[in-house]
Every structure is written in C-alpha cells, then in structure tokens.
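**Q**
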Amino acid sequence: MTELQQAARQALALMDLTSLNNDDNDTVIRELCARANTPAGHPAAVCVYPAFVQSARAALDEQGLAGKVKVATVTNFPHGEADVERAAAETRAAIAAGADEVDVVFPYRALMAGDAEVGRELVEACKRECGDAVLKVILETGELKEAGLIDRAGMLAIDGGADFLKTSTGKVAVNATLDAAKILLTAIKASGRDVGFKAAGGVRTAEDAAAYLQLAERVMGAEWITPAHFRFGASGLLGSLLETLGVEQDKGSTEGY
Numbered sequence: 073m074t075e076l077q078q079a080a081r082q083a084l085a086l087m088d089l090t091s092l093n094n095d096d097n098d099t100v101i102r103e104l105c106a107r108a109n110t111p112a113g114h115p116a117a118v119c120v121y122p123a124f125v126q127s128a129r130a131a132l133d134e135q136g137l138a139g140k141v142k143v144a145t146v147t148n149f150p151h152g153e154a155d156v157e158r159a160a161a162e163t164r165a166a167i168a169a170g171a172d173e174v175d176v177v178f179p180y181r182a183l184m185a186g187d188a189e190v191g192r193e194l195v196e197a198c199k200r201e202c203g204d205a206v207l208k209v210i211l212e213t214g215e216l217k218e219a220g221l222i223d224r225a226g227m228l229a230i231d232g233g234a235d236f237l238k239t240s241t242g243k244v245a246v247n248a249t250l251d252a253a254k255i256l257l258t259a260i261k262a263s264g265r266d267v268g269f270k271a272a273g274g275v276r277t278a279e280d281a282a283a284y285l286q287l288a289e290r291v292m293g294a295e296w297i298t299p300a301h302f303r304f305g306a307s308g309l310l311g312s313l314l315e316t317l318g319v320e321q322d323k324g325s326t327e328g329y
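What the sequence shown shows, in the working numbering, is residues 73 to 329, in sequence order.
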C-alpha cells in the first residue's frame, strides 16, 4: 500500500460524510448513509440538517452502521448570528431529535466587530444543551481571514467548552486552508485542553486529506489523530479516497460541501 493509500484509508475513518444542500430530502439522506457503508470501511459520522437526523439514524440502522457511525447536525447555520438563546434552542432541539454531535457556527461577525464575549457565551450555552454529546464549533476562518482573529476565535471557543474547532461551514468563498488549520491546531496544543480539529469545506482529494494529516501529525503527533480528535467535513472527498484505494462506489450526490 502506498503512502497516499494509507492516508486515504486513515482519512476515510475520520470523515464526517456530509449533505447540507437546500434540496436535501429523506431519499438523499438514505443514499448518503448507504454511501457510508463502503468495502474500505466507514466514516466517523454523517452530517445532515436537523430535519434529517431521524432519517439518518434509521438509514444507518438499515446499513448495519448504528452505533458505528455517529449522526452530526448543524445549528446557528450557516450565518453564525449572535443570538445566544436561538443557537441554544436549536442545539437543544437537535439533541432531542437524536443527534450525537452538533456543529454550531460561532458568531464570527460579532467578533470581527469587536464583541468577543458573545462568542464565548454562545458556545457555553450550546455546550450546556449538548451535555455528553460532542460540540464542534465552526469558526468560519475564511471570513475571519486574519491569523489573530482566527486564533482569538479558537481560544474563545475552547474557553466556552468546545470539543472540536472546525474551520468552516463550506458555504463561503474560502473554507478550510492549511494555514488556518495550523493556527487552530497550534491554539489547541497551547491550550492543553482535550479539543479536536475538523477541516471542512474544500477538502476534495486524497492528496488534500494527506496534507492535513501530515500537518496534524507535525503539530499534535500521530497518536492524536483519531476520530475523537480529528475529522474531515466533506461530501466529495469520499469518492477520491475510494478511487485511491481502488474501490468502486455508487457515485451518489457529492455536491455542496
């Protein structure tokens, strides 16, 4: 097995296989969950809109993946408003619907306007609603742009109780980049907290995935890179990983993330 194939196999197990499109429906979500059941293994999670959490759970059960593949969803998505009560209510509803993990958008525009405290408050409120469920905080690093702001957002999210720092919604012009990933991984290491990292949006090839894995290994060490600490948020990536591994697949929908 080549180094790229090894990276592809590792990346597959770290994926949040995602469908966050305006035309999603129960059929699309069932197909997404069927794609998660590959001859090369399965992703860590599927990520869907809150309305499809129950559909995803049922579809994963049909695939024999219940308890093996988590169901993630999104809140305060995609715009990242600075409405703490609304974000908390959406998160509460997502957990009640059966989500194992919640990816909440940090109020990044508020931070850019000088209000740092609302970001920490929003993360704290959503973490309270999550309880033992995993909370990933989407920082929208491509909109923050400046290294100082990205680092500040990451530290505020960590202080608020984030379980993961996630780069992006996948809905803006610039999503995951290696530069932003390095800033966030460095912030996680400096914090000394048990916090993971998720690269989302624009990670489309096995080569892309390998570059992020190499970066994470340099900053955090190889042993750190497990589904408990590292994820890729993507839809189109799965096809490239399976192609690299020589596995035929049902193409399905690979748009929108």
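Cβ coordinates follow ideal geometry from the N, Cα and C atoms, glycine included.
Go to T99, then tell me how far its alpha helix (DSSP H) extends in each direction, as first and last residue.
**A** Here residue 99 corresponds to residue number 27 of the sequence shown, with the count starting at 1. Note, T99: alpha helix (DSSP H), 98-107.
**Q** Cβ of V291 within 8 Å of Cβ of Y284?
**A** For the purposes of this step, residue 291 is taken as residue 219 along the sequence shown, with counting starting at 1. For the purposes of this step, residue 284 is taken as residue 212 along the sequence shown, with counting starting at 1. Not closer than 8 Å, so no.
**Q** So for L194, helix, strand or coil by DSSP?
**A** Stepping through the sequence shown from its first residue, residue 194 is reached at position 122. When secondary structure is reduced to three states using DSSP, L194 falls in the helix class.
**Q** Using only the alpha-carbon positions, how far apart do G242 and G273 sit?
**A** Here residue 242 is taken as the residue at index 170 of the sequence shown, counted from 1. Here residue 273 is taken as the residue at index 201 of the sequence shown, counted from 1. Taking the straight line from one Cα to the other gives about 4 Å.
**Q** Does the separation of the CB atoms of L89 and L104 fall below 8 Å?
**A** Against the sequence shown, residue 89 aligns to sequence position 17. Against the sequence shown, residue 104 aligns to sequence position 32. It is a contact, given that the beta carbons lie within the stated cut-off.
**Q** Measuring only the C-alpha atoms, how far is G191 from N93?
**A** Indexing the sequence shown from 1 puts residue 191 at position 119. Indexing the sequence shown from 1 puts residue 93 at position 21. Each residue's alpha carbon lies about 26 Å from the other.
**Q** Within the same chain, show all residues whose beta-carbon is closer than 6 Å to that of V206, passing over the 5 residues directly before and after it, in chain order.
**A** Residue numbering aside, residue 206 sits at position 134 when the sequence shown is read from its first letter. Contacts found: E173, D235.
**Q** Could you tell me which residues DSSP puts in a beta bridge with K238?
**A** Taking the first residue of the sequence shown as 1, we reach residue 238 at position 166. DSSP, once it has assigned bridges, lists I210, K270 as partnering K238.
**Q** Specify, as a first and last residue, the run of the alpha helix (DSSP H) that D280 falls within.
**A** As a working note, residue 280 is residue 208 in the sequence shown. Run containing D280: 278-292, per the alpha helix (DSSP H) assignment.
**Q** Is T316 helix, strand or coil by DSSP?
**A** On the sequence shown, residue 316 is found 244 positions in, with the first residue counted as 1. The answer is helix: DSSP assigns T316 an H, G or I state.
**Q** Please confirm whether I222 and L216 have their CB atoms less than 8 Å apart.
**A** Taking the sequence shown and counting its residues from 1, the one referred to as residue 222 is at position 150. Taking the sequence shown and counting its residues from 1, the one referred to as residue 216 is at position 144. Going by C-beta atoms, I222 is nearer than 8 Å to L216.
**Q** Quick test of your reading: A253 and A271, contact by CB under 8 Å. State the CB separation rounded to the nearest angstrom.
**A** As a working note, residue 253 is residue 181 in the sequence shown. As a working note, residue 271 is residue 199 in the sequence shown. Sure, about 6 Å apart at Cβ, within 8 Å.
**Q** Taking all protein chains shown into account, decide if N97 is buried (16 or more other Cβ within 10 angstroms of its Cβ) or exposed.
**A** By one-based count along the sequence shown, residue 97 stands at place 25. Its Cβ having fewer than 16 others within 10 Å, N97 is exposed.
**Q** With distances taken Cα to Cα, identify the nearest neighbour of F124 among R107, A138, A144.
**A** Your numbering for residue 124 matches position 52 in the sequence shown. Looking at the Cα atoms, A144 is the closest of the given residues.
**Q** Any idea if E200 is buried or exposed, counting beta-carbon neighbours within 10 angstroms, 16 or more meaning buried?
**A** Position 128 of the sequence shown, counting from 1, holds the residue named residue 200. One point to set straight first is that residue 200 is Arg, not Glu, in the sequence displayed. It is exposed - the Cβ of R200 has fewer than 16 other Cβ atoms within 10 Å.
**Q** Give me the DSSP bridge partner(s) of T113.
**A** Locating residue 113 in the sequence shown gives position 41, where the first residue counts as 1. Looking at the sequence itself, residue 113 is Gly, so the reference to Thr does not match. Beta-bridge pairing links G113 to T110.
**Q** What number of angstroms, rounded off, separates the C-alpha of A278 from the C-alpha of L76?
**A** Here residue 278 refers to the residue found at position 206 of the sequence shown. Here residue 76 refers to the residue found at position 4 of the sequence shown. Approximately 7 Å, taken between the alpha carbons.
**Q** What are the boundary residues of the beta strand (DSSP E) that includes E75?
**A** Reading the sequence shown from its first residue, position 3 is the one you call residue 75. No beta strand (DSSP E) holds E75; the alpha helix (DSSP H) holding it covers 75-85.
**Q** With which residues is C119 paired in a DSSP beta bridge?
**A** One-based indexing of the sequence shown puts residue 119 at position 47. Here C119 is bridged, per DSSP, to T90, A144.
**Q** Rounded to whole angstroms, how far is the Cβ of L250 from the Cβ of L237, which I believe are closer than 8 Å?
**A** Numbered from its first residue, the sequence shown carries residue 250 at position 178. Numbered from its first residue, the sequence shown carries residue 237 at position 165. With a Cβ gap of about 15 Å, L250 and L237 do not count as contacting.
**Q** Do F302 and L86 have their beta-carbon atoms positioned less than 8 Å apart in this structure?
**A** Here residue 86 is taken as the residue at index 14 of the sequence shown, counted from 1. Here residue 302 is taken as the residue at index 230 of the sequence shown, counted from 1. Yes.
**Q** For T298 and E315, what's the separation of their Cα atoms in angstroms?
**A** Locating residue 298 in the sequence shown gives position 226, counting from the first residue. Locating residue 315 in the sequence shown gives position 243, counting from the first residue. When rounded, the separation of the alpha-carbon atoms in T298 and E315 is 22 Å.
**Q** Can you name, in chain order, every residue of its own chain whose Cβ lies under 8 Å from the Cβ of R265, other than the five neighbours on each side?
**A** On the sequence shown, position 193 is the one that residue 265 refers to. The answer, listed in chain order, is I230.
**Q** Return the residue from the list V244, V118, P122 that minimises the CA-CA distance to G139.
**A** As a position in the sequence shown, residue 139 is number 67, starting the count at 1. The candidate whose alpha carbon is nearest that of G139 is V118.
**Q** Could you pull out every residue in the same chain whose Cβ sits closer than 6 Å to the Cβ of A80, ignoring the five residues on either side in sequence?
**A** As a first step, residue 80 must be located in the sequence shown, where it is residue number 8. Excluding residues within five positions, the ones whose Cβ falls inside 6 Å are A278, L313, T316, L317.
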